[in-house]
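See structure below.
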Amino acid sequence: MNTRFLTRAGALAAAAGIAITLSACGSDEGGDEAGEDTTSTEESMPEETTGEEMPVSGEFGAACSAVPADGEGSFTGMADDPVATAASNNPVLSTLVTAVSEADLVDTLNSAENITVFAPVNDAFAAIPEADLEAVMADQEQLTSILSYHVVGEQLAPEDLAGEHATLQGGTLNVEGSGETFTVNGEAAVVCGNVQTANATVYIVDTVLMPA
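Heads up: the sequence shown is residues -26 to -1, 1 to 186, going by mature numbering (1 follows the signal peptide of the UniProt record, and there is no 0).
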């Protein structure tokens, strides 16, 4: 009797040992799978971005749609000509072109190298009372001062636009903003920017800038 009991007890203990061993092996395998899943999840996580803005390439701004799609007044056509000539082919800048001619600045602007021009659209001049505009147009010295205030003696890409810049008039312009949104002197908005001509980068603005 005792021998049979001991034999059965031994068999049960052996079976229990096998069960424990199998359970431990199963636990190890699950751990390996969990480890693999963690690695896979880590590898599939997207890389964090730096938050830096990409430089703007090409023209930008709502008013760019008013520029002709082709011909000499288009962006492609303007890129082939010096800035005063390029502006003369663009219908949205016709009043500015008249003012530049009255001030006898065509040759000066066309012969300049690597400049930036803030070019007021026709509506910017139309916002000035007619009598005042006529008086300025008739005063070459004052007109030259105003127009020269719109020209910076270096070529500014959009990423370099924000900040203070010396003008050919002698005063400074203060540009604020980033990306595709800029204001000049806190009043004029850039409505079409980064327009290239043969010797200048042009930023079309919605207000005529007045020197202090």
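Think of the CB as a built atom: it goes at the ideal place given N, C-alpha and C, for glycine as much as any other residue.
- If you draw a straight line from the Cα of V158 to the Cα of V91, it is about 12 Å long.
- Straight-line spacing of the CA atoms in D113 and V95 works out to 21 Å.
- Take the alpha-carbon of A186 and the one of G145: they are about 8 Å apart.
- P65 and V80 have their C-alpha atoms some 17 Å from each other.
- Inclusion of V71 and A86 in the CB contact set at 8 Å is not warranted, their separation being larger than that value.
- In the three-state reduction of the DSSP assignment, P103 falls in the coil class.
- Residue environment: P132 is assigned as buried (16 or more neighbouring CB atoms within 10 Å of its CB, all protein chains considered).
- Following the DSSP letters along the chain, one finds A73 inside the alpha helix (DSSP H) bounded by residues S68 to E76.
- Distance from the CA atom of P42 to the CA atom of Q143, rounded to whole angstroms, is 31 Å.
- Note: H139 is bridge-paired with L147 in the DSSP secondary-structure output.
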